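Participant: Residue numbers for the sequence shown follow the working numbering, beginning at 59 and rising by one.
I am attaching a structure below and will ask some questions about it afterwards.
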Amino acid sequence: MNSGRNPRVIMAVSVLQDTLFRYHGQIGANLLLGGVDCRGGHLYDIGPYGDMDKVPFLAMGSGNLAAMGILENGYKSDLNMESAKLLVHDAIFAGIMNDLGSGHNIDLCVITQSGVDYIRPYQKFEHTGKRMALMDVCLSPELKQSCFARNAWESEPNICGPSNYKFGLNIDELAVPTGRDPVEFIGQFTDGESDVKLEFLHGTTTLAFKFQHGVMVAVDSRASSGSYISDKKFNKVIEINPFLLGTMSGCAADCVYWERRLAKECRIYKLRNNTRISVAAASKLLANMVAEYRGMGLSMGTMVCGWDQRGPGLYYVSSSGRRLVGDMFSTGSGANYAYGVMDSGHRWDLSVPEACDLAERAIYHATHRDAHSGGVVNMYHMKEDGWVKVSQNDVGDLHYKYHSEMK
């Protein structure tokens, strides 16, 4: 009104930033601001503290994970109008189908140079259609009833109700799968005793060390379930992103779940800040997440390694939230044997072939002495331009190789 011209999008962003910054986090708002001005189309992500980031696409809310998957797969800068509408529709639809807190209709808003076009509704979502069909396929009748009627599962103490299912609600809590109540189920095997704890028997050997050319990571592949071997070729290296790796020792489910959640947080950080997260920050995120469950039975010992602006990084994170930085770590039941080999041969000025031989030799000797380790040796090299998988050699072949060298 003062100038007779339409404001630029960045000016509106600045006004929002200034307003939110005054309240310094007292307002719980994550905003998406989009518009078209004389410089073209713009999309901004504005946080509750006034932080801002310019993004090509973004999804927010409890269904954002499913929606982001669709957007990342189908987004192109040269999409035509109909293709763009269909992509946004598919993203919202995926969010609705994977999130209990989303639903009803799909509304679109198209912003062009000529103005704003509200399409309400773009599609009416039939809540009892495909979702109920999926429930018919996946769940038993009593569990279907428990998901929609609270009084049904309250009257059945052995059935876990919807309040225990928190993945779709994007709540950072341990979720109990829908089904039998684990306390009631285990109670029949404890003769009425209340202090009985399950003893998880597991074993592994993982190691990582820094040297002049990056970080060398090596793990065995034997997955044990109690007294028997459940998998001979299980990969215990979790590829978080092209510049971050995590290792697994302890309970496989705990390691996989929390490191996948770390991968999600690292991806969100990159989208918000347009730069990849540092190794120190990633390890701190993981430590903070598991520290909330200290003493609740988590079993996890992982190494987070990567390359950032400071160079190679290596951290150890335990299920108690302990976080250590160092040049050499080994975890698992065979760690003592691996440490013995690494201590005798590790130097900062190792060449890449020497580092590969040291890591492979350490894992082999650990598998030879530790009954719970074995399988193959998976080896990764973290370099400045990202990680590469170096080799995958059977420990049986390595036994004959090293045995022949001793003659």
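Glycine included, C-beta positions come from ideal geometry on N, C-alpha and C.
Please read these numbers as outputs of a predicted model, since none were measured by experiment.
Counting only runs that start and end within the stretch 113-160, where is the alpha helix (DSSP H) found for 4 or more residues in a row?
Facilitator: The qualifying runs are 122-132 and 139-156.
Participant: Have a look at G359 and A393 and give me their C-alpha separation to the nearest angstrom.
Facilitator: Reading the sequence shown from its first residue, position 301 is the one you call residue 359. Reading the sequence shown from its first residue, position 335 is the one you call residue 393. Spanning the two alpha carbons is a distance of roughly 12 Å.
Participant: What does DSSP give as the partner residues of F387 in its beta bridges?
Facilitator: Counted from its first residue, the sequence shown places residue 387 at position 329. In DSSP, F387 forms a bridge with A266.
Participant: Measure the CB-CB distance between D278 and T389 and report whether it falls below 7 Å.
Facilitator: Within the sequence shown, the letter at position 220 stands for residue 278. Within the sequence shown, the letter at position 331 stands for residue 389. Contact: no.
Participant: Exposed or buried, which one is F387 when buried takes at least 16 other CB atoms within 10 Å?
Facilitator: Here residue 387 refers to the residue found at position 329 when the sequence shown is read from its first residue. It is buried - the Cβ of F387 has at least 16 other Cβ atoms within 10 Å.
Participant: Determine whether the beta carbon atoms of A345 and R368 lie at a separation below 7 Å.
Facilitator: Along the sequence shown, read from residue 1 onward, the residue named residue 345 stands at position 287. Along the sequence shown, read from residue 1 onward, the residue named residue 368 stands at position 310. For A345 and R368, no; Cβs fall outside 7 Å.
Participant: Does the separation of the CB atoms of K268 and D385 fall below 7 Å?
Facilitator: On the sequence shown, residue 268 is found 210 positions in, with the first residue counted as 1. On the sequence shown, residue 385 is found 327 positions in, with the first residue counted as 1. A contact, by the Cβ cut-off of 7 Å.
Participant: Kindly identify the DSSP beta-bridge partner or partners of P370.
Facilitator: The count along the sequence shown starts at 1 and reaches residue 370 at position 312. DSSP lists W365 as partners of P370.
Participant: Which term fits I217, buried or exposed, when burial requires 16 or more other beta carbons within 10 angstroms of its beta carbon?
Facilitator: Along the sequence shown, read from residue 1 onward, the residue named residue 217 stands at position 159. Residue confidence for I217 is low, a pLDDT of 39 falling below 50, so the modelled location carries little weight and cannot support an answer.
Participant: I'd like to know if the stretch 136-152 and the stretch 340-355 are in contact, where contact means that at least 3 CB-CB pairs between them fall below 8 Å.
Facilitator: Verdict: no, contact absent.
Participant: For D452, name the three-state secondary structure that DSSP assigns.
Facilitator: Here the question's residue 452 lines up with position 394 in the sequence shown. Correct three-state label for D452: strand.
Participant: What's the C-alpha gap between R325 and R334?
Facilitator: Here residue 325 refers to the residue found at position 267 when the sequence shown is read from its first residue. Here residue 334 refers to the residue found at position 276 when the sequence shown is read from its first residue. Distance between the alpha carbons of R325 and R334: 8 Å.
Participant: Helix or strand or just coil, what does DSSP make of M358?
Facilitator: In the sequence shown, counting from the first residue as 1, residue 358 sits at position 300. Of the three classes helix, strand and coil, the one that applies to M358 here is strand, per DSSP.
Participant: So, is the C-beta of Y81 closer than 7 Å to a C-beta in chain C?
Facilitator: Given the protein chain composition of this structure (a single chain), no chain C is represented.
Participant: Since M118 and N88 should fall inside the 8 Å C-beta cutoff, what is the C-beta to C-beta distance between them, to a whole number of angstroms?
Facilitator: Within the sequence shown, the letter at position 60 stands for residue 118. Within the sequence shown, the letter at position 30 stands for residue 88. Going by Cβ atoms, the distance from M118 to N88 rounds to 6 Å, so yes, they are a contact pair.
Participant: Beta strand (DSSP E) containing N436: first to last residue?
Facilitator: Start at 1 with the first residue of the sequence shown, and residue 436 comes out as number 378. Looking at the DSSP string, the run of the beta strand (DSSP E) that includes N436 is V434 to K441.
Participant: In whole angstroms, give me the CA-to-CA distance for F402 and V435.
Facilitator: For the purposes of this step, residue 402 is taken as residue 344 along the sequence shown, with counting starting at 1. For the purposes of this step, residue 435 is taken as residue 377 along the sequence shown, with counting starting at 1. Reading off the sequence, residue 402 comes out as Ser, not Phe. Distance between the alpha carbons of S402 and V435 is about 20 Å.
Participant: Tell me the DSSP bridge mates of C167?
Facilitator: Counted from its first residue, the sequence shown places residue 167 at position 109. DSSP output for C167 lists Y176 as bridge partner(s).
Participant: Let's see if you can read the secondary structure: which residues bound the beta strand (DSSP E) around I104?
Facilitator: As a position in the sequence shown, residue 104 is number 46, starting the count at 1. From DSSP, the beta strand (DSSP E) with I104 extends over G98 to I104.
Participant: Check whether the Cβ atoms of A417 and M274 lie closer than 7 Å to each other.
Facilitator: As a working note, residue 417 is residue 359 in the sequence shown. As a working note, residue 274 is residue 216 in the sequence shown. Yes, the pair counts as a contact, with Cβ atoms nearer than the cut-off.
Participant: DSSP state of M69, grouped into three classes?
Facilitator: As a working note, residue 69 is residue 11 in the sequence shown. Here M69 sits in helix by DSSP.
Participant: One question on the structure: do V94 and I177 come within less than 7 Å of each other, judged by their Cβ atoms?
Facilitator: Looking up residue 94 in the sequence shown gives position 36. Looking up residue 177 in the sequence shown gives position 119. Their beta carbons are not under 7 Å apart, which means V94 does not touch I177 by this criterion.
Participant: Taking the straight line between their C-alpha atoms, what separation do you get for Y395 and L123?
Facilitator: Counting from 1 along the sequence shown, the entry for residue 395 is found at position 337. Counting from 1 along the sequence shown, the entry for residue 123 is found at position 65. Y395 and L123: Cα-Cα distance of roughly 42 Å.
Participant: What residue from A413, N332, P411 and L320 has the CA that sits closest to V375's CA?
Facilitator: Taking the first residue of the sequence shown as 1, we reach residue 375 at position 317. Nearest C-alpha to V375: L320.
Participant: Since L78 and Y102 are thought to touch, with beta carbons under 8 Å apart, how far apart are those beta carbons, to the nearest angstrom?
Facilitator: Walking along the sequence shown from the start, residue 78 turns up at place 20. Walking along the sequence shown from the start, residue 102 turns up at place 44. That pair is no contact at about 12 Å.
Participant: Report buried or exposed for E317, applying the criterion of at least 16 other Cβ atoms within 10 angstroms of its Cβ.
Facilitator: Translated into the one-based positions of the sequence shown, residue 317 becomes position 259. With 16 or more Cβ atoms within 10 Å of its Cβ, E317 is classed as buried.
Participant: Could you check if L116 is buried or exposed, using at least 16 other CB atoms within 10 Å of its CB as the buried criterion?
Facilitator: Taking the sequence shown and counting its residues from 1, one reaches residue 116 at position 58. Classification for L116: buried.
Participant: Beta-carbon within less than 6 Å of A413's beta-carbon, same chain only, minus the 5 sequence neighbours each way: which residues are those?
Facilitator: One-based indexing of the sequence shown puts residue 413 at position 355. So the qualifying residues of the chain are F269 and M274.
Participant: Ends of the alpha helix (DSSP H) at D312?
Facilitator: Translated into positions along the sequence shown, residue 312 becomes position 254. Unbroken alpha helix (DSSP H) run through D312: A310 to N331.
Participant: What does a CB cutoff of less than 6 Å around K307 pick up in its chain, not counting 5 residues either side in sequence?
Facilitator: Residue mapping note: residue 307 aligns to position 249 of the sequence shown, counting from 1. Per the sequence shown, residue 307 should be read as Ser rather than Lys. Taken in chain order, the residues that qualify are T262, T264, G359, T389 and G390.
Participant: What residues match up with K342 in a beta bridge as DSSP calls it?
Facilitator: Sequence index remark: in the sequence shown, residue 342 carries index 284 (1-based). Answer by DSSP bridge pairing: none, since K342 is not bridged.
Participant: In this structure, how does DSSP classify E418 when only helix, strand and coil are distinguished?
Facilitator: Your numbering for residue 418 matches position 360 in the sequence shown. Residue state, collapsed to three classes: helix.
Participant: Going straight from the alpha carbon of M361 to that of Y373, what length do you get?
Facilitator: Along the sequence shown, one-based indexing puts residue 361 at 303. Along the sequence shown, one-based indexing puts residue 373 at 315. Rounded to whole angstroms, M361 to Y373 spans 6 Å at the Cα level.
Participant: Within the continuous beta strand (DSSP E) that includes N299, where are the two ends?
Facilitator: Here residue 299 refers to the residue found at position 241 when the sequence shown is read from its first residue. Taken as a continuous stretch (DSSP letters only), the beta strand (DSSP E) holding N299 covers V295 to N299.
Participant: How would you call K322, buried or exposed, if buried means at least 16 neighbouring beta carbons within 10 angstroms?
Facilitator: Against the sequence shown, residue 322 aligns to sequence position 264. By the 10 Å Cβ count, K322 comes out exposed.
Participant: Identify, in the order they occur along the chain, each residue of the same chain with its Cβ nearer than 7 Å to the Cβ of G432, setting aside the five sequence neighbours on each side.
Facilitator: Taking the first residue of the sequence shown as position 1, residue 432 is located at position 374. Correct list, in chain order: D278, R280, T425 and V453.
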